[in-house]
Amino acid sequence: MIALDTVTEAGSWDGLPDAEALAQRAAEAAAAVADGAEEDLEVSVMLTDDESIRTLNRQWRGKDKPTNVLSFPAPEQPGLEGPRHLGDIALAYETLVREAEEESKPLADHFAHLVVHGVLHLLGYDHETDEEADVMEALEVKALAGLGIADPYRDMAA
75 MIALDTVTEA GSWDGLPDAE ALAQRAAEAA AAVADGAEED LEVSVMLTDD ESIRTLNRQW
135 RGKDKPTNVL SFPAPEQPGL EGPRHLGDIA LAYETLVREA EEESKPLADH FAHLVVHGVL
195 HLLGYDHETD EEADVMEALE VKALAGLGIA DPYRDMAA
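Whatever position you read off the sequence shown (first residue = 1), add 74 for the working numbering.
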């Protein structure tokens with residue numbers, strides 16, 4: 075199980091009133107499809123706006139623009155008792171809304187996809203190479219299917 079600590083840091087998330095519950099389900103779905111994800115995990119989720127995520131993106135990735143999701147893996151802490159803190163995920167509301175509209179998909183589905191994506195990053199998956207991207211995308215599709223959400227990459231391949 076993944077325990078989420080969800081905080082609305084900035085922006086209005088009124089368009090997604092069940093964001094916390096949906097994030098929980100999406101995080102659990104991601105852990106369920108990942109290899110070797112232990113039972114007791116913790117993730118912090120920050121719901122924010124484009125301005126705040128732009129600052130984080132500039133500070134940590136050297137990219138001076140907003141993005142949809144950022145993941146910050148926690149350092150390994152061997153020997154600690156209790157749940158393992160995987161790290162933090164930040165999501166930007168305006169970018170999520172814009173992307174969902176551009177891709178003609180429900181906001182809740184896009185949000186769930188990006189939570190799954192972020193959790194998989196925290197679990198060590200990446201998409202720097204085509205092979206890594208294929209593995210990560212397949213896990214995302216499987217996790218989302220478990221939530222009843224269509225393959226977000228299906229239309230992109232056509």
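Quick reminder that beta carbons are idealized off the backbone N, C-alpha and C, glycines included.
Here the structure is a predicted model, which means the values were calculated and not measured.
- For methionine 210, the enclosing alpha helix (DSSP H) covers residues 204-220.
- Sorting Ile76, Ser126, Leu78, Glu155 by C-alpha distance to the C-alpha of aspartate 138 places Ser126 at the top.
- For aspartate 124, the closest of Tyr199, Glu83, Pro91, Glu113 by C-alpha to C-alpha distance is Glu83.
- By the Cβ criterion, the region 92-106 is not in contact with the region 138-150, since fewer than three pairs of Cβ atoms, one from each stretch, lie closer than 8 angstroms.
- Only residues of its own chain outside the window of five on either side were considered, and among them Ala93, Leu121, Tyr167 have a CB closer than 8 angstroms to the CB of tryptophan 87, listed in chain order.
- Distance between arginine 128 and proline 157, taken at the CA atoms: about 30 angstroms.
- Taking the CA atoms as reference points, alanine 101 sits about 23 angstroms from glutamate 175.
- Taking 7 angstroms as the cut-off, the beta carbon of isoleucine 163 is found no closer than this to the beta carbon of alanine 186.
- With respect to the C-alpha of glycine 161, the residue from Asp183, Leu130, Glu155, His195 having the closest C-alpha is His195.
- Looking at the DSSP output, glutamate 116 shares a beta bridge with Ala77, His159.
- Taking the C-beta atoms as reference points, serine 145 is found nearer than 7 angstroms to glycine 192.
- For alanine 207, same chain residues with a beta-carbon under 6 angstroms away, outside a window of 5 residues either side, are His201 in chain order.
- Assignment of threonine 141 by DSSP, reduced to helix, strand and coil, places it in the coil class.
- According to DSSP, residue pairing for phenylalanine 146 in a beta bridge involves Asp162.
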